[in-house]
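Numbering (the UniProt record's numbering), first residue to last: 1 to 640.
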């Protein structure tokens with residue numbers, strides 16, 4: 001093969017260098033997956049060519065028989081994987097084989113611990129595709145030419161996985177990509193043809209194009225009866241079924257095949273948590289194969305990152321990451337759609353406002369929510385695995401999907417005063433089943449942390465009366481509750497907002513005790529409001545407290561402390577928060593305050609009680625120095 005003189009040496013992206021070092025040290029316990037990854041990439045290249053050729057048939061270059069070919073040379077210790085798919089030009093090779101074009105790489109490497117077993121699992125979640133070649137090879141050569149390019153536009157990429165790679169121009173008669181792996185001395189088992197056949201059978205039965213291996217010539221032979229059997233010439237032979245898995249009957253597909261197909265389309269190394277395979281007939285006809293991963297990817301919180309399903313039309317691959325068929329709050333779902341109703345030349349722009357697209361989106365969304373509902377009912381422990389990975393993303397749903405708000409709410413899980421840990425295991429149905437007689441509302445609190453929520457003075461009356469409160473401490477919870485007003489005809493009530501009205505839960509005897517306590521410190525609220533000035537909207541007595549002297553409360557329709565923090569963190573301007581100051585008339589400090597005649601000392605005590613309440617609610621103070629000075633001054637007075 002003639003080669004031009006144009007050759008360059010490049011350094012790998014920093015992340016690739018780190019990843020290759022992990023590969024070279026064989027972190028994978030199951031090394032054979034390198035072949036699955038490379039065959040999957042080759043199949044993807046064939047899919048992309050088939051799609052592009054819809055608008056430009058000349059890209060087939062008179063060869064429409066798409067396949068992946070696999071061969072081994074025991075003596076040379078090499079394995080070669082080749083395809084006649086879309087191929088790559090020089091820029092493609094440098095971009096795709098020299099960098100990891102995926103968000104989340106920094107977080108990925110920050111999580112590496114040095115523990116080989118744990119780190120290999122992390123790599124599996126990250127998905128590394130081509131770089132898995134270095135698990136078994138100490139030198140990798142890639143030769144490629146993009147479909148439609150002149151044979152002189154071929155390119156060769158080569159690397160030993162040690163920080164650099166070279167790229168040079170070559171002549172390549174055939175389009176597509178050829179990868180030659182020079183196996184390490186201790187990995188020569190993979191140069192055995194039967195070993196390769198068994199791996200293909202295990203991992204690549206679901207690939208929709210043939211994976212072929214060379215079958216040697218069978219010489220002419222003579223039977224016992226003297227009849228001669230003619231020689232069979234050597235030929236490429238398909239070693240997989242080469243039928244699209246999603247087109248087969250569900251009863252004919254094993255769990256292992258479903259799992260391997262998931263790994264093919266997602267490049268995940270772990271089995272999925274669950275899947276659903278459905279064929280829909282009627283006004284809109286399509287087949288969907290949807291998967292819930294067992295682990296969250298590192299770019300899960302990047303809402304702008306490409307996500308979505310693989311789209312096929314009449315079994316022809318159209319596009320990756322078709323986001324129009326899955327709402328953003330379900331961006332963790334992997335899988336594919338094969339539609340009979342969309343045109344083969346469908347584009348992302350056409351999909352945006354297409355009625356068929358909307359119908360399929362609604363159907364797929366409903367299917368995923370049903371999958372999760374069934375899982376939650378049948379296997380609560382497995383559902384908790386899902387929730388720990390994807391729960392916070394699902395919480396985006398009520399704000400984005402009004403039609404399914406009730407279904408999504410039923411899937412949410414929370415920590416609660418009913419439990420002694422921060423585990424989010426309580427469903428809204430669980431909560432409602434435990435509601436007290438006469439209780440009409442679902443009570444909740446949002447805070448910076450589980451400890452802050454659990455320790456809030458706002459919970460005191462609820463603990464006294466045995467009323468359960470949901471404890472919410474994830475950053476997204478405040479946003480969630482601003483869009484979730486009721487569930488199963490029960491309204492939500494924040495225990496830190498508005499006046500507390502326990503309705504039928506309040507008994508007459510307690511009411512009389514409250515009234516008596518208030519009369520004993522009559523006139524105190526007016527004095528405290530004058531002392532605090534514009535720090536507060538209002539001052540009043542409360543009976544939501546049992547152990548604390550005071551608390552601060554936001555208006556029923558006002559912006560909560562957590563929402564203010566969220567907006568500030570996002571760089572959004574927010575108005576200055578003004579609170580209602582509520583005092584517990586039965587607390588000794590409040591009774592003492594009512595008896596102080598010195599107005600200067602009275603103001604100091606009022607400021608300290610207010611700052612204490614603010615500290616408990618907000619986690620910090622605007623002027624902590626003044627708070628400390630007031631407190632020290634009062635302590636010195638008491639010490640005299």
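Yeah, the Cβ is synthetic: ideal placement off N, Cα and C, and Gly gets one too.
Just so it is clear, the structure is predicted and the values come from calculations on it, not from any experiment.
Query: Integer Cβ distance of residue 212 from residue 69, believed to fall under 8 Å; Result: 5 Å
Query: Under the three-state DSSP convention, the category residue 627 falls into; Result: helix
Query: Local Cβ density within 10 Å of residue 105, reported as buried at 16 or more and exposed below that; Result: Any answer about residue 105 is weak, because its pLDDT of 44 lies below 50 and its placement is not dependable; what the coordinates show is given next. So residue 105 ends up on the buried side.
Query: Member of 230, 224, 207, 394 whose CA lies at the smallest distance from the CA of residue 218; Result: 230
Query: Under the three-state DSSP convention, the category residue 121 falls into; Result: Annotation note: pLDDT 49 at residue 121 (below 50); position unreliable, coordinate value reported separately. Residue state, collapsed to three classes: helix.
Query: 7 Å Cβ shell around residue 41 - same chain, five flanking residues per side excluded; Result: 129, 130
Query: Buried/exposed call for residue 49, threshold 16 Cβ in 10 Å; Result: buried
Query: Inter-stretch contact (C-beta, 8 Å, three-pair minimum) for the segment 442-456 and the segment 474-482; Result: yes
Query: Span of the beta strand (DSSP E), counted from its first residue to its last, around residue 319; Result: 316-322
Query: Simplified DSSP state of residue 10, which is helix, strand or coil; Result: strand
Query: For residue 427 and residue 410, believed in contact at Cβ under 8 Å, the rounded distance; Result: 7 Å
Query: Where the beta strand (DSSP E) containing residue 145 begins and where it ends; Result: 137-145
Query: Burial state of residue 632, where buried means 16 or more other Cβ atoms lie within 10 Å; Result: exposed
Query: Where the alpha helix (DSSP H) through residue 561 begins and ends; Result: 561-569
Query: For residue 635, the three-state DSSP class (helix, strand or coil); Result: helix
Query: Cβ contact (3+ pairs, closer than 8 Å) linking the segment 318-327 and the segment 294-302; Result: no
Query: Cβ distance (whole Å) where residue 166 is taken to contact residue 365 below 8 Å; Result: Not really, about 48 Å apart at Cβ, beyond 8 Å.
Query: Limits of the beta strand (DSSP E) - the one that residue 148 falls within; Result: Here residue 148 belongs to no beta strand (DSSP E), and DSSP marks it neither H nor E.
Query: Continuous beta strand (DSSP E) stretch holding residue 657: start and end; Result: The requested residue 657 is not part of the displayed model; the chain covers only 1 to 640.
Query: Residues of its chain near residue 156, where Cβ-Cβ distance is below 6 Å and the 5 sequence neighbours each way are ignored; Result: 143, 168, 170
Query: DSSP bridge partner residues for residue 298 (one or two, in chain order); Result: DSSP, once it has assigned bridges, lists no residue as partnering residue 298.
Query: Residue interval of the beta strand (DSSP E) (run including residue 291); Result: 286-292
Query: Residue from 526, 611, 518 with nearest C-alpha to residue 624; Result: 611
Query: Among 222, 175, 438, the one whose alpha carbon lies nearest that of residue 60; Result: 175
Query: Residues of its chain near residue 538, where Cβ-Cβ distance is below 6 Å and the 5 sequence neighbours each way are ignored; Result: 580
Query: Pairwise C-alpha distance: residue 515 and residue 588; Result: 16 Å
Query: Residue span of the beta strand (DSSP E) that contains residue 345, given as start and end; Result: Segment: none, residue 345 is in no beta strand (DSSP E) and carries neither H nor E.
Query: Residue closest to residue 472, alpha-carbon to alpha-carbon, out of 351, 412, 491; Result: 412
Query: For residue 208, the first and last residue of its enclosing beta strand (DSSP E); Result: Element bounds for residue 208: n/a, residue is neither H nor E.
Query: Distance between residue 621 and residue 582 (C-alpha atoms, nearest Å); Result: 18 Å
Query: Simplified DSSP assignment, three categories, for residue 620; Result: coil
Query: Residue 525 versus 575, 252, 595, residue with shortest Cα-Cα distance; Result: 595
Query: Residue 514 - DSSP class collapsed to helix/strand/coil; Result: helix
Query: Rounded distance between the beta-carbons of residue 403 and residue 415, thought under 8 Å; Result: Not a contact, Cβ separation roughly 28 Å.
Query: Entirely enclosed beta strand (DSSP E) segments - the segment 191-278, minimum 3 residues; Result: 211-215, 235-238
Query: Sequence-distant residues of its chain with Cβ nearer than 7 Å to residue 584 (five each side left out); Result: 542, 545, 548, 549, 550, 590
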